[in-house]
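Colleague: Here it is, the structure, as structure tokens.
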Ligand code: COA
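Residue numbers (my numbering): 24 to 453.
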């Protein structure tokens, strides 16, 4: 049977496709801006047919209707990362959170959380019948490989990204054609504080380094200060529009990479239509699943890798809290520890935790003790550089006393006296 016949045989409406989700099923939704919005809308409309459907998702960029009050009987969301649309539901007890390193999610699907249905979005098929997972390979491809049923929204707006990024139409059980633009990420607001932080981070980056950057104002600000650098590379969980600008300027060319030279290696993408156009059929962008890209044993193959991530709090010992405020779940570990561990094992690898020193001058992010109930994301054993708008604290190989001194130097001036008091008490200094 030709792939075209298989495709036509499996073509159904969204309404019909979601009827194959059954009460009690575990449904994994394609990640981030790769989420199949049309299928999710159909699933919500069909809610009265479902009881206790478990929804697994990570960075949810849509409305996440399934966590709204009134949905409790039909859906229970199990978040592997908490974001704007799911935070209230998790903290109100209407949804759950499962702590997990990003690179281990594919193995969760094999060992701990069997997948009944994968609900994903892909590009149109090529002449051989292969669709690309486009902007999200990460856990999306592994979820399909573990799922009993794959329901795919085929969307002509989804770019055809290259790498280990394909699914054949014969591996999809139900195919729904629906074209709609992908969700776009609004540009981050970069203020004076972010610019200062960006400048400090950029001073730690040398020509020829390979970068991992997260989402938001700080990574974007760092990129603005790299325009004069040469031969930078990318091995990152994700990237956004700022990286495209540096590739177009020739600053990022992946020429110096010790691993997967000439390729920007990444597991998901989020940005504007400009980014989605850039990665379409672009052989310089290599998309792989997250158990490869984020695996610390793979990350460490990149000599001179520099990882830049952010956090909520750092205590005077260098313990980094990135995903909770006390017991309140704010986000998740994502790939932070995957990359920090990988970088610490890499030749000349370095990692940076970059953050404003305070919340609007009112709450210090450098604290004597982390908030009660908070979870340590990056341990004091792994932490390397911490950067605020006031400078750089180089913590690796430093004693507890030296760490406290270095962190107080980059704290917001308003809180230095209070931090110094605790430092003196702790180390018996008069
Ligand atoms: N005390 C109280 N509130 C705090 C706080 C603190 N120490 N630090 C942050 N907050 C609040 C902010 O005010 C903000 O609240 P709001 O949403 O009501 O405005 C919220 O927490 C988020 O902080 P913000 O600084 O706006 O977030 P960000 O977009 O810069 O992201 C992290 C910061 C830490 C949440 C984010 O980097 C993250 O999730 N990191 C972990 C995952 C990771 O590193 N992944 C790898 C790269 S993708």
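A virtual CB, placed ideally from N, CA and C, is assigned to each residue, including glycine.
Am I right that residue 185 and residue 261 are in contact with their C-beta atoms under 8 Å? What's the rounded C-beta distance?
Modeller: Not a contact, Cβ separation roughly 16 Å.
Colleague: Let's see if you can read the secondary structure: which residues bound the beta strand (DSSP E) around residue 189?
Modeller: Residues 189-191.
Colleague: Quick check on the DSSP output: what are the complete beta strand (DSSP E) runs of length 3 or more inside the stretch 34-113, in order along the chain?
Modeller: Counting whole runs of 3 or more residues, the stretch 34-113 contains the beta strand (DSSP E) stretches 49-52, 76-80, 98-102.
Colleague: Do residue 366 and residue 333 count as a contact pair if the criterion is CB distance below 7 Å?
Modeller: No, these two residues do not count as a Cβ contact at 7 Å.
Colleague: Do you know whose CA, among 35, 72, 250, 194, lies nearest residue 46's CA?
Modeller: Here the closest residue by C-alpha is 72.
Colleague: What are the start and end residues of the beta strand (DSSP E) that includes residue 258?
Modeller: Where residue 258 is concerned, the enclosing beta strand (DSSP E) stretches over 256-262.
Colleague: For residue 212, count neighbouring C-beta atoms within 10 Å of its own C-beta (all shown protein chains included) and say buried if the count is 16 or more, exposed if not.
Modeller: With fewer than 16 Cβ atoms within 10 Å of its Cβ, residue 212 is classed as exposed.
Colleague: Relative to the alpha-carbon of residue 467, which residue among 25, 87, 358 has its alpha-carbon at the smallest distance?
Modeller: There is simply no residue 467 to check, as the chain begins at 24 and stops at 453 in what is shown.
Colleague: Cα separation between residue 115 and residue 92?
Modeller: Taking the straight line from one Cα to the other gives about 10 Å.
Colleague: With distances taken Cα to Cα, identify the nearest neighbour of residue 129 among 158, 177, 53.
Modeller: The candidate whose alpha carbon is nearest that of residue 129 is 53.
Colleague: Based on the DSSP secondary-structure assignment, which residues constitute the bridge partners of residue 332?
Modeller: Looking at the DSSP assignment, residue 332 forms a beta bridge with 376.
Colleague: Under 6 Å: does the beta carbon of residue 254 sit that close to some heavy atom of the ligand COA?
Modeller: It does not: the Cβ of residue 254 is nowhere closer than 6 Å to a heavy atom of the ligand COA.
Colleague: In three-state DSSP terms, what is residue 351?
Modeller: Correct three-state label for residue 351: strand.
Colleague: At the level of alpha carbons, what is the spacing between residue 188 and residue 294?
Modeller: Each residue's alpha carbon lies about 19 Å from the other.
Colleague: Over the uninterrupted beta strand (DSSP E) stretch that includes residue 155, give me the two end residues.
Modeller: Residues 153-155.
Colleague: Are the beta-carbon atoms belonging to residue 338 and residue 390 less than 7 Å from one another?
Modeller: Against a cut-off of 7 Å, the Cβ pair of residue 390 and residue 338 comes out as a contact.
Colleague: Does DSSP put residue 302 in a helix, a strand or coil?
Modeller: Reduced to three states, the DSSP call for residue 302 is helix.
Colleague: From this set, 353, 57, 42, which residue's C-alpha is nearest residue 74's C-alpha?
Modeller: Closest by alpha carbon: 42.
Colleague: Tell me whether residue 346 sits in a helix, a strand or coil according to DSSP, three-state version.
Modeller: In the structure shown, residue 346 sits in coil (DSSP, three-state: anything other than H, G, I, E or B).
Colleague: Which class does residue 244 belong to by DSSP, given the choice of helix, strand or coil?
Modeller: In the structure shown, residue 244 sits in a helix (DSSP, three-state: H, G or I).
Colleague: Per DSSP, what kind of secondary structure is residue 455 in: helix, strand or coil?
Modeller: Residue 455 is absent from the model: the chain starts at 24 and stops at 453.
Colleague: Is residue 6 near residue 304, with beta carbons less than 7 Å apart?
Modeller: Residue 6 is absent from the structure shown; the chain starts at 24 and stops at 453.
Colleague: Does the stretch 407-418 come within contact of the stretch 271-281, defined as at least 3 CB pairs closer than 8 Å?
Modeller: No, the stretch 407-418 does not touch the stretch 271-281.
Colleague: May I ask you to list the residues that DSSP assigns as paired with residue 409?
Modeller: According to DSSP, which records beta bridges pairwise, residue 409 is partnered with 376, 416.
Colleague: Which residues in the same chain as residue 341 place their Cβ atom closer than 6 Å to its Cβ, once the five residues preceding and following it in sequence are excluded?
Modeller: Excluding sequence neighbours, residue 341 sits near 403, 406, 418, 426.
Colleague: I need the DSSP call for residue 125, collapsed to helix, strand or coil.
Modeller: Reduced to three states, the DSSP call for residue 125 is helix.
Colleague: Between which two residues does the alpha helix (DSSP H) harbouring residue 423 extend?
Modeller: 423-432 is the span of the alpha helix (DSSP H), which, as asked, contains residue 423.
Colleague: Can residue 361 and residue 319 be called in contact, C-beta distance under 7 Å?
Modeller: Yes, these two residues count as a Cβ contact at 7 Å.
Colleague: Just to check, is the beta-carbon of residue 130 closer than 6 Å to a non-hydrogen atom of the ligand COA?
Modeller: Result no, Cβ not under 6 Å from the ligand COA.
Colleague: Using a threshold of 7 Å, state whether the C-beta atoms of residue 169 and residue 57 are closer than that.
Modeller: No, they are not a contact pair.
Colleague: Taking residue 97 as the reference, give the member of 110, 66, 371, 352 with the closest Cα.
Modeller: Nearest C-alpha to residue 97: 66.
Colleague: Helix, strand or coil for residue 381, going by three-state DSSP, please let me know.
Modeller: DSSP places residue 381 in strand when its eight states are reduced to three.
Colleague: For residue 388, count the other beta carbons within 10 Å of its own beta carbon; 16 or more makes it buried, fewer makes it exposed. Which is it?
Modeller: Per the 10 Å Cβ criterion, buried.
Colleague: Roughly how many whole angstroms lie between the Cα atoms of residue 298 and residue 393?
Modeller: Each residue's alpha carbon lies about 38 Å from the other.
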